[in-house]
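Enquirer: Numbering (my numbering), first residue to last: 3 to 341. All C-beta atoms, glycine included, are put in the ideal place defined by N, C-alpha and C.
#1: Starting from residue 139, trace the alpha helix (DSSP H) both ways and give me its first and last residue.
#2: At the 8 angstroms Cβ level, is residue 333 part of the contact set with chain B, yes or no?
#3: With a CB to CB cut of under 6 angstroms and the five nearest residues on each side skipped, what residues in its chain are close to residue 2?
#4: With a CB to CB cut of under 7 angstroms and the five nearest residues on each side skipped, what residues in its chain are close to residue 104?
#5: Return the bridge partner residues of residue 256 from the DSSP annotation.
#6: Under three-state DSSP, which class holds residue 112?
#7: Which of helix, strand or coil does DSSP assign to residue 154?
#8: In chain order, what are the residue ranges of uninterrupted alpha helix (DSSP H) at least 4 long that sit wholly in the segment 6-82?
#9: Helix, strand or coil for residue 311, going by three-state DSSP, please let me know.
#10: Where does the unbroken alpha helix (DSSP H) through residue 282 begin, and where does it stop?
#11: Mapping the DSSP letters down to three states, classify residue 332 as helix, strand or coil.
#12: Could you check what DSSP says for residue 195 in three-state terms: helix, strand or coil?
#13: In angstroms with no decimal places, state the Cα-to-Cα distance between residue 55 and residue 129.
#14: Out of 212, 216, 139, 150, which has the shortest C-alpha to C-alpha gap to residue 188?
#15: Measuring straight from C-alpha to C-alpha, what distance separates residue 13 and residue 116?
#16: Can you confirm whether the segment 304-316 touches the segment 234-244 when touching is taken to mean that 3 or more C-beta pairs between the two stretches lie within less than 8 angstroms?
#17: What did DSSP end up calling residue 264 once you bin it into helix, strand or coil?
#18: Comparing alpha-carbon positions, which option in 224, 69, 252 lies nearest residue 288?
#19: Should residue 226 go down as buried or exposed, given a rule of 16 or more other Cβ atoms within 10 Å for buried?
#20: Which word fits residue 73, buried or exposed, when buried means at least 16 other C-beta atoms lie within 10 angstroms of its C-beta?
#21: So, with DSSP's three-state summary, where would you put residue 221?
If you want it as structure tokens, here you go:
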């Protein structure tokens, strides 16, 4: 591969085989061939400083950090923006060319390369969420099994004590194998709960030592888990011009179907970061439940919103406002203050 003429390396990432498309300064494709992991690492080290383009995926930040360490300019293109440039048949060669074509567009938006520390936060957050899902799965399985024998309990971890008492009660008409398997479920649920609470405690402790996380937790409806998700998955908020742009990045703005000067807005786009968006809506719903239970709120905008809109519609609107609050407190380096 000729090093002196190459201005861009467009890489279609994979686990073991990587397709590398070398592009010249005039935009012409100089070569397009597959490489092993070892050969790609060597190429990035040997290649004179150039642009390295990749499609956003699970390993793009790792390779982006390697390329940056060798002085290259890294451009990570969102997958949705690469797809329109794929020509007819989809294969590795076509994908690599599409990545190069997309990365050369003057108005293209790129994903910032995340540091290893930021990705470590994401691992902690996703581990917590994964364990919560596993615990929910086990609780639902135990409820389903015992319901077949007439033992019905409400949803959620709070109902576990009822099921545990029923399994321990010798007068309950349950076969011994069911009691035995039920205790296996309870043991696994208890182990998961212990780990979940430990991770949650670590996230909460981080909010007391990390100024950015502590500041985010001053916003109503945002706790340690949501603050950790923002720190793990959101890019540098200073890159957004306004809080609305950040809300749009999260997918919390209406989907547009506008043409001919007529504006048509639909439901929220859901095109952005799923984890943060979901947690913001959950947090907004908890705030709305508190408002309904108390019969009002000092925040007149929120009180009027809850009075005239369905709860979920109000929750999405509040989540949008919370996203703008996150942008404001982060960029201004100030705690939240209710206007």
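Expert: Considering the structure as presented:
#1: 118-149
#2: No chain B appears in this structure, which consists of one protein chain only.
#3: Look at the range of the chain in this structure, 3 to 341, and you will see that residue 2 is not part of it.
#4: 79, 83, 84, 87, 110
#5: 270
#6: coil
#7: Per DSSP, reduced to three states, the secondary structure at residue 154 is coil, with no helix or strand assignment.
#8: Qualifying alpha helix (DSSP H) stretches, in chain order: 39-48, 62-71.
#9: coil
#10: 276-296
#11: helix
#12: helix
#13: 30 angstroms
#14: 139
#15: 18 angstroms
#16: No contact exists between the segment 234-244 and the segment 304-316.
#17: strand
#18: 224
#19: buried
#20: exposed
#21: coil
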